[in-house]
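I have placed the structure first, in the form of C-alpha cells, so that the comments after it can refer back to it.
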Amino acid sequence: MTCAMCPITVKKSLTNLEGVIDADVNFDHKTAKVVYHENSVSIEQLTKATTNVGYPSVVSK
Numbered sequence: 049m050t051c052a053m054c055p056i057t058v059k060k061s062l063t064n065l066e067g068v069i070d071a072d073v074n075f076d077h078k079t080a081k082v083v084y085h086e087n088s089v090s091i092e093q094l095t096k097a098t099t100n101v102g103y104p105s106v107v108s109k
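Residue numbers (this note's numbering): 49 to 109.
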C-alpha cells in the first residue's frame, strides 16, 4: 500500500464479500485483520479479493 486510499480500497474489497464481518486495514503496517464466518467465505476468497483490486496478500496467523 502506497497511499492513504489504499487501505480503503482493501477494506471495501474484503467487506464486500458475503461472510466478512469486519476488516481492519493498517496502512503503516501494511496489514489487514479480517473477522469472518469460516463457513461463508474462504481464505482463498479473501486473498483473491485483495489481489483483484491490486493488492496481493498472504495469510499470517
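All residues carry an ideal CB built from backbone N, CA and C; glycine is no exception.
Between the options, which has its C-alpha nearest residue i's C-alpha?
i: CYS51; options: SER108, VAL107, GLY102; result: GLY102
i: LYS96; options: ILE56, ASN64, MET53; result: ASN64
i: THR57; options: ALA71, ILE91, GLY67; result: ALA71
i: GLU117; options: MET49, LYS109, ASN87; result: This structure gives no information on residue 117, because the portion of the chain shown stretches from 49 to 109.
Distance check for residue j and residue i, CA to CA, integer angstroms please.
i: PHE75; j: SER61; result: 15 angstroms
i: THR79; j: THR98; result: 11 angstroms
i: TYR84; j: GLN93; result: 11 angstroms
Quickly, what does DSSP pair residue i with across the bridge? List them, please.
i: ASN74; result: THR79
i: VAL68; result: TYR84
Apply the 10 Å Cβ neighbour rule to residue i and answer buried if 16 or more other Cβ atoms are within range, or exposed otherwise.
i: PRO55; result: buried
i: VAL107; result: exposed
i: SER105; result: buried
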